[in-house]
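Asker:
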Ligand code: SF4
Ligand code: SF4
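Structure follows, in structure tokens:
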């Protein structure tokens, strides 16, 4: 139901004069000479800034009933040792991982939600010897599937050919810098950057669509200009830019400032106007607010959508996107041992698929239900006109304050001052 008194149901105001300046030029980072290209948030075309307090009317999809995307942490085993690793990955597999049969049963049940997006994540999913069998199972079910292997020698062209043969659509790899020095230092293994470029090239050769994921943190913020230049040469359909959440191996000191977030949002928005790929900001729904502000500043008409020019690129392979997805709200994460959480960055166990039904957990867990009710948000997010389309990163609020309904700690916007 839509409560008209709810600030999340009204169109966000144009920014008050003298408050947050309408952005007509790319904002620059402190100490950085020029801004650059820019992007958009998480979702499909359209998207209302104020939106509605519950998923159905915010996105055109009913997130109270079904997620847009489920991410399965296939394993926590990985041969890299990244400084920020959410999973605190180790080289060896955990004996408590879901078995092949359990993983298939999970996919069967998830398919009851509809043909949702299903991502094989990790750890390194290529550490599982049954990965081809599992991808084939998901393809036969009609799930829209992506996979995110680590950038190591385990990602062979032969394996990618097999995955393509059984029905994989998209492969995503991480690149956290524009060169080997930055990326490999972060991933803690030499050669990882070169493997990333090789994997992208070979995946494209075998007919997979490709995506790059990049983690924005204090240490690589000054590499963004070079990174955006590199991205335009890689032939990917999607660039997913993660804004660090201090959990796992990542510390609060590693997170860039709110002002630096804002500068990168503007850079991504600018890039979105010309980039030959779609752009998404993850763990940073406030990017949708920046997109709206920028579009309003550039138009005399009232802008009520967050679609950006490059969004069609990520529709071409059928994976697509949804608007206004947030932790537990259109999104569900299943750990390597079957724990169900609102996202990988919001590690609140709401049940386990070994003794509970994932559909029931997603629809009825008190935590999931609270996360889908944006009238419950606190602080400035609770009164913000962008709450329906943004809502702040619930994972970062939890990591920084212990309260997953608290205000997003890394947003510069103050609607009323
Ligand atoms: S590649 Fe992923 S799973 Fe492996 S250590 Fe890095 S962040 Fe963790
Ligand atoms: S105050 Fe909260 S809801 Fe408003 S734009 Fe910032 S993060 Fe989003």
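Numbering (my numbering), first residue to last: 1 to 417. The beta carbon of each residue, even a glycine, is placed where N, CA and C say it ideally should be. Quick caveat: nothing in here was measured; it's all calculated off a predicted structure.
Secondary structure at residue 192, three-state DSSP: helix, strand or coil?
Answerer: Helix, per DSSP.
Asker: With 16 other CB atoms within 10 Å as the buried threshold, where does residue 201 fall?
Answerer: With fewer than 16 other Cβ atoms within 10 Å, it is exposed.
Asker: Return yes when at least one heavy atom of ligand 2 lies under 8 Å from the C-beta of residue 413, else no.
Answerer: Residue 413: yes, Cβ under 8 Å from ligand 2.
Asker: Using a threshold of 8 Å, is the CB atom of residue 185 nearer than that to any non-hydrogen atom of ligand 2?
Answerer: No, ligand 2 has no heavy atom inside 8 Å of this Cβ.
Asker: Tell me the DSSP bridge mates of residue 146?
Answerer: According to DSSP, residue 146 bridges with 119 and 170.
Asker: Residue ranges of each alpha helix (DSSP H) run of no fewer than 4 residues wholly in the region 201-257, ordered along the chain?
Answerer: With a minimum length of 4 residues, the continuous alpha helix (DSSP H) runs that stay inside the region 201-257 are 224-231.
Asker: Can residue 114 be considered in contact with ligand 2, in the sense that its beta carbon sits closer than 8 Å to one or more heavy atoms?
Answerer: Checking the Cβ of residue 114 against ligand 2 gives no.
Asker: If I'm right that residue 283 touches residue 396 with Cβ under 8 Å, what's the distance once you round it to whole angstroms?
Answerer: Rounded, the Cβ-Cβ distance is 6 Å, consistent with contact.
Asker: Is there a Cβ from chain C that is less than 9 Å from the Cβ of residue 87?
Answerer: No chain C is part of this structure, which consists of one protein chain only.
Asker: Tell me the residue span of the beta strand (DSSP E) that contains residue 282.
Answerer: Its beta strand (DSSP E) spans residues 278-282.
Asker: Compute the minimum distance between the beta carbon of residue 328 and the heavy atoms of ligand 2, and state whether it is under 8 Å.
Answerer: Checking the Cβ of residue 328 against ligand 2 gives no.
Asker: For residue 407, count neighbouring C-beta atoms within 10 Å of its own C-beta (all shown protein chains included) and say buried if the count is 16 or more, exposed if not.
Answerer: The residue in question, residue 407, is buried, as its Cβ has 16 or more Cβ neighbours within 10 Å.
Asker: List the DSSP bridge partners of residue 267.
Answerer: Answer is none; residue 267 lacks a bridge partner.
Asker: For the candidate residues 211, 173 and 220, whose alpha-carbon lies nearest to that of residue 186?
Answerer: Among 211, 173 and 220, the Cα nearest to that of residue 186 belongs to 220.
Asker: I need the straight-line Cα distance from residue 420 to residue 361, nearest angstrom please.
Answerer: There is no way to answer for residue 420, as the model of the chain reaches only from 1 to 417.
Asker: For residue 332, which beta-bridge partners are listed by DSSP?
Answerer: Residue 332 pairs with 70.
Asker: Do you know offhand how far residue 419's Cα is from residue 129's?
Answerer: The structure shown does not extend to residue 419, since the chain is modelled only from 1 through 417, so no value can be given for it.
Asker: Quick check on DSSP: helix, strand or coil for residue 343?
Answerer: Strand at residue 343.
Asker: What is the rounded straight-line gap between the Cα of residue 231 and the Cα of residue 171?
Answerer: Answer to the nearest angstrom: the Cα atoms are 16 Å apart.
Asker: Identify which residue in 347, 81 and 261 has its Cα closest to the Cα of residue 327.
Answerer: The shortest Cα separation from residue 327 among 347, 81 and 261 belongs to 347.
Asker: Using DSSP with H/G/I as helix, E/B as strand and the rest coil, what is residue 352?
Answerer: DSSP places residue 352 in strand when its eight states are reduced to three.
Asker: Classify residue 174: buried if its beta carbon has 16 or more other beta carbons within 10 angstroms, exposed otherwise.
Answerer: So residue 174 ends up on the buried side.
Asker: Just confirm the distance between the C-beta atoms of residue 424 and residue 188, as a whole number of angstroms; I'd bet it's less than 8 Å.
Answerer: Look at the range of the chain in this structure, 1 to 417, and you will see that residue 424 is not part of it.
Asker: Compare the C-alpha of residue 233 against each of 350, 276 and 415 and name the closest.
Answerer: When each option's Cα is compared against that of residue 233, the closest is 276.
Asker: How would you call residue 91, buried or exposed, if buried means at least 16 neighbouring beta carbons within 10 angstroms?
Answerer: Exposed is the call here.
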